[in-house]
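Colleague: Mapping the sequence shown onto UniProt numbering, position 53 (from 1) lands on 53, and the numbers just tick up by one. For each residue, glycine too, the CB sits at the ideal point set by N, CA and C. Dumping the structure here so I can ask a few things about it.
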Amino acid sequence: MGESIRLFPECHADTALIRFLVKDEDLLRHSAGINEVAKNMQRSIQEFKKVVGIVDNDKHKPRYFRSFYKTDEKNRICYLHKPESNEYLIFIDKAIESFLLWNASEVNLAVTNYGFPTEVKPLGDMLKRIEIETDPNYLQLLTELKNRNAPGFITLENILNDFLTT
Numbered sequence: 001m002g003e004s005i006r007l008f009p010e011c012h013a014d015t016a017l018i019r020f021l022v023k024d025e026d027l028l029r030h031s032a033g034i035n036e037v038a039k040n041m042q043r044s045i046q047e048f049k050k051v052v053g054i055v056d057n058d059k060h061k062p063r064y065f066r067s068f069y070k071t072d073e074k075n076r077i078c079y080l081h082k083p084e085s086n087e088y089l090i091f092i093d094k095a096i097e098s099f100l101l102w103n104a105s106e107v108n109l110a111v112t113n114y115g116f117p118t119e120v121k122p123l124g125d126m127l128k129r130i131e132i133e134t135d136p137n138y139l140q141l142l143t144e145l146k147n148r149n150a151p152g153f154i155t156l157e158n159i160l161n162d163f164l165t166t
C-alpha cells in the first residue's frame, strides 16, 4: 500500500464540504454518483491504507455497500466499515441538502442569508451544479456552520480527523 488515505465524495456539494473540512485537495477524488464512488473505492483498495466513500443515504445503494456494517450514527452522519478491510463509508443524512438544512436549524442560521432556499428539493437542485464547489455563498454557508459548531459538522470533522491521524 502506498499513500495513506483516499476520500471519494459523491457529488459537487459533498466534494466542497469535504475539501472545506479536510483542506488537503490531494486526498479527494470527486465521484459522479454513488455507483462511481463504489467503483472508485474498489479500484483503490490496494493503493491506499484507507478508502472512504462519502455519499448520500440513497434508497438504492450499490451491491458493494451491502458488506459494510454500521459503526456509529449521530447528528445525521452514519459511519460504516467493511469488516477486516481498509474500506469505510460515511452516509450524509438522506442527502447533503437535508443535512445542511438540519444543521442550519440546529444553530439558528438562515440559509436564505446566503441565497439558498429552505426547501429540500430546490436546495438540492442548486447543490447539483458543478459551480457549487467554488460558489462563494456556499463556501460562506459552510464556514458559518462550522464556526457555529453545527453538530453534524463536528461529527463529520471528527470522523475525518480520525482517518487522517490514525
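#1: Go to Pro9, then tell me how far its alpha helix (DSSP H) extends in each direction, as first and last residue.
#2: Spatial neighbours of Asn149 within its chain, please: CB distance less than 8 angstroms, with the 5 preceding and 5 following residues excluded, ordered by chain position.
#3: Count the C-beta pairs between the stretch 121-134 and the stretch 4-18 that are closer than 8 angstroms, then say yes if the count reaches three, no if not.
#4: Do Arg6 and Phe48 come within 8 angstroms of each other at the CB atom, strictly closer than that value?
#5: Return the Cβ separation of Asp58 and Ile92 in integer angstroms, given the expectation that the two are a contact with Cβ distance under 8 angstroms.
#6: Where does Leu28 fall in DSSP's three states?
#7: Excluding the 5 residues preceding and the 5 following Phe68 in the sequence, name in chain order all residues of the same chain whose CB lies nearer than 6 angstroms to its CB.
#8: Just list the alpha helix (DSSP H) runs in the stretch 108-154, keeping only unbroken ones of 4 residues or longer that don't cross its boundaries, in chain order.
Modeller: On the basis of the coordinates in this document:
#1: Pro9 -> not in any alpha helix (DSSP H); beta strand (DSSP E) instead, spanning 5-9.
#2: Val107
#3: Taking 8 angstroms as the limit for Cβ pairs, the verdict is that the stretch 4-18 does touch the stretch 121-134.
#4: Yes; because the gap between Cβ atoms is below 8 angstroms, this pair is in contact.
#5: Taking a contact as a CB-CB distance under 8 angstroms, the pair Asp58 and Ile92 does not count as one, their CB atoms being some 11 angstroms apart.
#6: Of the three classes helix, strand and coil, the one that applies to Leu28 here is strand, per DSSP.
#7: Short of 6 angstroms from the beta carbon of Phe68, and not among the five residues preceding or following it, lie these beta carbons of its own chain, in chain order: Leu80, Lys82, Leu89.
#8: Counting only runs of 4 or more, we get 120-127, 136-147.
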